[in-house]
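Scroll down for the structure; my scribbles are underneath it.
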Amino acid sequence: MGKKRRRRRRRRTIGKQMFMVSKYEKVTSALLALNLFIGFMDGIMLVMWISGLKAQAIEAVPVLILEPKGRGANAEGYERDPEEPGLEEVEEISEPRIEETFLAVTDTVTNTAASLVALNTGATSSSHGSGLGDSRGAGPGGDGDLDVVPRQERWRISLSANSVDSFERQLAYFKIDLAAFGGGITTLDSTFHPISPANVTHLEDGTQEKRTWFYPQNAIETQWTAELLNKAGIPTSGRTYIHLYSPESEQKLLVAEDARMRAANKRIDEVKRTYFEVRASGGQYEFVVTNQEYRPAPNYNN
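Per our numbering, residue 4 is the first one in the sequence shown, and the count goes up by one each step.
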C-alpha cells in the first residue's frame, strides 16, 4: 500500500511540474503579446495615414501656341529656283584687254595664295547675296501672320451662368476684366477683381490697352456686365461694354481650339469660326469648344 501511495504522489508531482509556467516563459509571453499589440496598432495607424493622403496630380507643361509666319514679300532666292537663272541674274564680268592681262600676271601670282584662302572660306561677296533668299514658307510674313481670321472675329465665347454672382466668379477665375467706353466719356474705364470702386483704372488713350477683348454675346451677359460695372462705380449709360481677356485665359482658349482643330485634321488658316462655352467642374471652370466652322485653305502661291 505504501508503495502505491508513493507512486501516486510521484505522478501528481510530475503532472504539476509539467503544467507549471516559469517566470521566463511568463516574461517571454508578455513581450510577445506586447509586440503583437504594437504591430497591430502600427498597422492600423499606417492604414489611416495612407487613406488620408491626397493624390498629387502632375500638372502638364503649359503649351504656348504660336501662329506661324511666312516670308511675305521676301524673295525665295534663285538658288532655290529649279529653273535656270535668267540674263538679269547673271553677274556682270568685265574682260580685260590682252596687254592688261600680262601686266597683271605678276600681281595674280603673288595673290594666288590669298585668293585661294578667300575662296575656301565660303564667304560671299559684299555686293552680292548667297542666292538662298528667305527660308520661311510661303505666305504673309513680316510683322503679320498667315492668312488667319483674327481671333476677335474667329472666336465666339459664351459665358453662361445662372446668376450675376456665378458670372462674376467665372470672370474672376479666368482673370477677365470688364471695361466701358464711349457715351460722351473720353476714357476707357475698366475694373479688375475683386470688383470694387477701388479697383478701377482709366485710360485716356484706349489704344494703350493691348489685351484681346470681346463684346458680351447676349442680352444676359450685357445686363450682368452693366451691373458689375455699376458695382465698381463706372458709368454705363449710353456706353459700350467689353470683356478684357488676360494672356492666361487667351492661351486656354488657344489650347482648346487647337485640340479641336487637330482632331478635325485642319490648320489654323482653315478655321473660320470657333464657338466656346464655359463648363464648371469640381469648383473650377474650363473652356470647351462646342463647334468649329472651316473655310477652304488659302492659296499662297498666287
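The beta carbon of each residue, even a glycine, is placed where N, CA and C say it ideally should be.
From a predicted model like this one, the values you see are computed outputs, not experimental measurements.
By the 10 Å Cβ neighbour count, where 16 or more other Cβ atoms means buried, how is P197 classified, buried or exposed?
exposed
Are the CB atoms of L181 and V281 nearer to each other than 7 Å?
no
With a 10 Å radius around its C-beta and 16 neighbouring C-beta atoms as the bar for buried, classify E1 as buried or exposed.
Absent from the structure is residue 1, since the part of the chain shown begins at 4 and ends at 305.
For the segment 243 to 257 and the segment 201 to 214, state whether three or more C-beta atom pairs, one from each stretch, are separated by less than 8 Å.
yes
Three-state secondary structure (DSSP) of A283:
strand
State the CB to CB distance for the pair Y278 and V258, rounded to an integer number of angstroms; the pair is presumed to be in contact (CB under 8 Å).
Not a contact, Cβ separation roughly 16 Å.
What distance in whole Å lies between the Cβ atoms of D150 and N261, which are believed to be in contact at a cut-off of 8 Å?
Per the sequence presented here, residue 261 reads as Asp, with Asn not at that position. Their Cβ separation, rounded to whole angstroms, is 18 Å, which puts D261 and D150 out of contact at 8 Å.
T190 vs E207 beta-carbon contact at 7 Å
yes
Residue span of the beta strand (DSSP E) that contains D208, given as start and end:
The continuous stretches of beta strand (DSSP E) do not include D208, and DSSP gives it neither H nor E.
Would you check if the distance between the CB atom of P200 and the CB atom of G236 is smaller than 7 Å?
yes
Cβ atoms of H246 and I188: under 7 Å apart, would you say?
no
Would you mind working out which of T243, N202, K275, G55 sits nearest R159, comparing C-alpha positions?
K275
Where R242 falls: helix, strand or coil (DSSP)
coil
Identity of the residues DSSP links to E30 by a beta bridge:
Position check: residue 30 holds Val in this sequence, whereas Glu was assumed. Paired residues: none, contrary to the question.
F43: buried (16+ other C-beta within 10 angstroms of its C-beta) or exposed?
It counts as exposed.
K275 - DSSP class collapsed to helix/strand/coil
Shown here, K275 sits in a strand according to DSSP, grouped into three states.
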